[in-house]
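J.: In mature numbering (1 follows the signal peptide of the UniProt record, and there is no 0), the protein residues as written are -23 to -1, 1 to 409. By construction, the Cβ of each residue, glycine as well, lies at the ideal position given by its N, Cα and C atoms. This is the structure, below, for whatever I ask next.
Following this line, the structure appears as structure tokens:
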């Protein structure tokens, strides 16, 4: 059951486009991590590994402008929370395009080909919250893009989860159709997008009257931790097969030819909801700090090697918060460990996960250290009513890594800003 759940999530999202080049891209989410790499570091990471397409989940200007001149194609994202205002007010759509798109589209600027309006807005779990506002929002954004003079080069899409269709008991993919409750809406959306030469999803469009659309896989990946079936071995096996399939240019029996794909995802995200499973925080091909997890070949030719790691990553001090074995009263351990794990990521401690091999003291130390690192190694974050102590010896054990946190992008910027102020003040005093 667990493996089936992982597989469902691994292959759950498909996009479709009328005219796209074969390429491998990657999804990069930067809003659900406690500590983020600098955008410039991520851009260089992508370039070093030959990844020339990236799909974002928002349009943070600080993130987007880092791609200026990089030669990396960017898909901007608009979160579901913005759909209502963009559907209700065309002026809001015009403002969004002005402030989030057109300012980046200058000679030598950012290469933007798609804008993803919403993210899986028709999931059953949303109870129809976005059913009647997604398409109007898409139309308004595309209209604003057209008016800004970029409609030929920038197209609107919306990434949808595979639960938008149903197979009515058939095991043949081509027998699939849209869910009954949203079929009319989906057909309207697909035909509108087709008329605008814009991308969409999935592999059941012949029944919707647009049989010539090519498939783009919007999310495909395998998690590496948080479940007995989420590990490096299975992830490597998945990517080896998937990338080989993409590189073959064979497509599917119904849709032969080139296929574009976005891998999911680039980096681990330690603040993602674990409601679907503990594996949710471990989709990254790279760890949170940009370190690769396993050998792979992004070209799909089987020339496996470790991907190039992120450069210029600044870490905190080599300090770990661990359980103080001199403690005799163990009654305080459970509540303190629960507290630590409620605020930090302890998913690797689960059954079959990377830290499942630790003993009792190791489990306690792991929880304490994750909380300590999450809180930027604050002294107050390694007390736990006297149960914890600081150490300089790495307690990592086998597959279980006790991480050292990175300086987050915001922290590093703050440091640079303070240094700049001090330098400016010294120059001023020297001159006057």
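For residue 408, I'd like the list of residues in its chain whose CB is within less than 8 Å of its CB, leaving aside the five on either flank, ordered along the chain.
T.: Position 431 of the chain shown, counted from the start, is the residue given in the question as residue 408. Confidence in residue 408 is poor, its pLDDT being 46 and thus under 50, which makes the residue's placement unreliable; the coordinate value appears in the next sentence. For residue 408, where only same-chain residues beyond five positions count, there are no Cβ hits under 8 Å.
J.: Which residue wins for smallest C-alpha separation from residue 95, given the options 342, 26, 33 and 350?
T.: Taking the first residue of the chain shown as position 1, residue 95 is located at position 118. Checking every option, the nearest Cα to that of residue 95 belongs to 33.
J.: For residue 247, count neighbouring Cβ atoms within 10 angstroms of its own Cβ and tell me buried if that reaches 16, exposed if not.
T.: Within the chain shown, residue 247 is the residue found at index 270, counting from 1. It is buried - the Cβ of residue 247 has at least 16 other Cβ atoms within 10 Å.
J.: Could you check which residue in 17, 75 and 175 has the C-alpha nearest to that of residue 129?
T.: As a first step, residue 129 must be located in the chain shown, where it is residue number 152. Nearest of 17, 75 and 175 to residue 129, Cα basis: 175.
J.: If we count the other Cβ atoms within 10 Å of its Cβ and call it buried at 16 or more, is residue 276 buried or exposed?
T.: Within the chain shown, the letter at position 299 stands for residue 276. Classification of residue 276: exposed, given that the 10 Å Cβ count is below 16.
J.: Quick one: what does DSSP say residue 16 is sitting in, helix, strand or coil?
T.: Within the chain shown, numbered from 1, the residue matching residue 16 stands at position 39. Judged by DSSP in its simplified three-state form, residue 16 adopts helix.
J.: Tell me residue 165's beta-bridge partners as DSSP assigns them.
T.: To locate residue 165, count along the chain shown from 1; it is residue 188. According to DSSP, residue 165 bridges with nothing at all.
J.: Which full runs of the alpha helix (DSSP H) of 4+ residues lie inside the region 74 to 145, going along the chain?
T.: 111 to 124
J.: Pick helix, strand or coil for residue 298, following the three-state DSSP scheme.
T.: Numbered from its first residue, the chain shown carries residue 298 at position 321. In this structure, residue 298 counts as strand in the three-state DSSP scheme.
J.: I'd like the list of long-range same chain contacts for residue 338, defined as Cβ closer than 6 Å, with 5 residues on each side in sequence excluded.
T.: Here residue 338 corresponds to residue number 361 of the chain shown, with the count starting at 1. Excluding positions up to five away in sequence, the list reads 300.
J.: From residue 13 to residue 386, what distance separates their C-alpha atoms?
T.: Along the chain shown, one-based indexing puts residue 13 at 36. Along the chain shown, one-based indexing puts residue 386 at 409. Distance between the alpha carbons of residue 13 and residue 386: 6 Å.
J.: Helix, strand or coil: which one does DSSP assign to residue 39?
T.: Here residue 39 refers to the residue found at position 62 of the chain shown. DSSP places residue 39 in helix when its eight states are reduced to three.
J.: Mind checking residue 258: buried by the 16 CB within 10 Å criterion, or exposed?
T.: Your numbering for residue 258 matches position 281 in the chain shown. Looking at its Cβ environment, which holds 16 or more other Cβ atoms inside 10 Å, residue 258 is buried.
J.: I need the boundaries of the alpha helix (DSSP H) containing residue 341, first residue and last residue.
T.: Position 364 of the chain shown, counting from 1, holds the residue named residue 341. Segment 337 to 351, the alpha helix (DSSP H) holding residue 341.
J.: Could you check if residue 181 is buried or exposed, using at least 16 other CB atoms within 10 Å of its CB as the buried criterion?
T.: The residue given as residue 181 occupies position 204 in the chain shown. Only weak support is given to the placement of residue 181: the predicted model assigns it a pLDDT of 35, under 50, and the question is left unresolved by the model.
J.: Use the C-beta contact count for residue 260: other C-beta atoms within 10 angstroms, 16 or more gives buried, fewer gives exposed.
T.: As a working mapping, residue 260 is identified with position 283 in the chain shown. Its Cβ being crowded by 16 or more others within 10 Å, residue 260 is buried.
J.: Should residue 83 be labelled buried (16 or more other beta-carbon atoms within 10 Å of its own) or exposed?
T.: What you label residue 83 is simply residue 106 of the chain shown in a count that begins at 1. With fewer than 16 Cβ atoms within 10 Å of its Cβ, residue 83 is classed as exposed.
J.: Measuring only the C-alpha atoms, how far is residue 370 from residue 382?
T.: By 1-based counting over the chain shown, the position of residue 370 is 393. By 1-based counting over the chain shown, the position of residue 382 is 405. Spanning the two alpha carbons is a distance of roughly 15 Å.
J.: On the CB-based measure, 16 or more other CB atoms within 10 Å of its CB, does residue 54 come out buried or exposed?
T.: Translated into positions along the chain shown, residue 54 becomes position 77. Counting other Cβ atoms within 10 Å of its Cβ, residue 54 reaches 16 or more and is therefore classed as buried.
J.: Under 7 Å between the Cβ atoms of residue 71 and residue 63?
T.: In the chain shown, counting from the first residue as 1, residue 71 sits at position 94. In the chain shown, counting from the first residue as 1, residue 63 sits at position 86. Taking 7 Å as the Cβ cut-off, residue 71 and residue 63 do not qualify as a contacting pair.
J.: How would you label residue 297, buried or exposed, when you count the other beta carbons within 10 angstroms and need 16 or more for buried?
T.: Here residue 297 corresponds to residue number 320 of the chain shown, with the count starting at 1. So residue 297 counts as buried.
J.: DSSP three-state label for residue 315, please.
T.: On the chain shown, position 338 is the one that residue 315 refers to. Helix at residue 315.
J.: Round the Cβ separation of residue 240 and residue 267 to the nearest angstrom and send it over; I've been treating them as touching at under 8 Å.
T.: Counting from one through the chain shown, the residue named residue 240 turns up at place 263. Counting from one through the chain shown, the residue named residue 267 turns up at place 290. Between residue 267 and residue 240 the Cβ distance is about 15 Å, and since that is not below 8 Å, they are no contact.
J.: When the Cα atoms are used, what is the spatial distance from residue 9 to residue 249?
T.: As a first step, residue 9 must be located in the chain shown, where it is residue number 32. As a first step, residue 249 must be located in the chain shown, where it is residue number 272. Near 5 Å, if we compare the C-alpha coordinates of residue 249 and residue 9.
J.: Less than 7 Å separating the beta-carbons of residue 40 and residue 16?
T.: Working through the chain shown from its first residue, we reach residue 40 at position 63. Working through the chain shown from its first residue, we reach residue 16 at position 39. Cβ atoms of residue 40 and residue 16: closer than 7 Å.
J.: In the DSSP assignment, what are the bridge partners of residue 3?
T.: Sequence index remark: in the chain shown, residue 3 carries index 26 (1-based). Paired residues: 31 and 240.
J.: List in chain order: all unbroken beta strand (DSSP E) runs of 3+ residues lying wholly within the region 215 to 274.
T.: 237 to 240
J.: With DSSP as the reference, label residue 210 as helix, strand or coil.
T.: Residue mapping note: residue 210 aligns to position 233 of the chain shown, counting from 1. Looking at residue 210 - three-state DSSP - the assignment turns out to be helix.
J.: Among 225, 289 and 344, which residue has its Cα nearest to the Cα of residue 21?
T.: Within the chain shown, the letter at position 44 stands for residue 21. The shortest C-alpha separation from residue 21 is found at 289.
J.: Would residue 214 be called buried (16 or more neighbouring beta carbons within 10 Å of its own) or exposed?
T.: Sequence index remark: in the chain shown, residue 214 carries index 237 (1-based). Result: exposed.
J.: Is the number of C-beta pairs between the region 352 to 361 and the region 323 to 331 that are closer than 8 Å three or more?
T.: no
J.: Please state the DSSP three-state secondary structure of residue 422.
T.: Residue 422 cannot be examined here, being either before or after the span of the chain that is shown, -23 to 409.
J.: Between the C-alpha atoms of residue 97 and residue 136, what's the straight-line distance to the nearest angstrom?
T.: One-based indexing of the chain shown puts residue 97 at position 120. One-based indexing of the chain shown puts residue 136 at position 159. Distance between the alpha carbons of residue 97 and residue 136 is about 6 Å.
J.: Determine the closest residue to residue 292 out of 233, 218 and 384, with distance taken between C-alpha atoms.
T.: Locating residue 292 in the chain shown gives position 315, where the first residue counts as 1. Ranking 233, 218 and 384 by CA distance to the CA of residue 292 puts 384 first.
J.: I need the straight-line Cα distance from residue 252 to residue 126, nearest angstrom please.
T.: Taking the chain shown and counting its residues from 1, one reaches residue 252 at position 275. Taking the chain shown and counting its residues from 1, one reaches residue 126 at position 149. Whole-angstrom Cα-Cα distance: 43 Å.
J.: Suppose you measure from the CA of residue 270 to the CA of residue 323; what does that come to, to the nearest Å?
T.: Here residue 270 corresponds to residue number 293 of the chain shown, with the count starting at 1. Here residue 323 corresponds to residue number 346 of the chain shown, with the count starting at 1. Spanning the two alpha carbons is a distance of roughly 19 Å.
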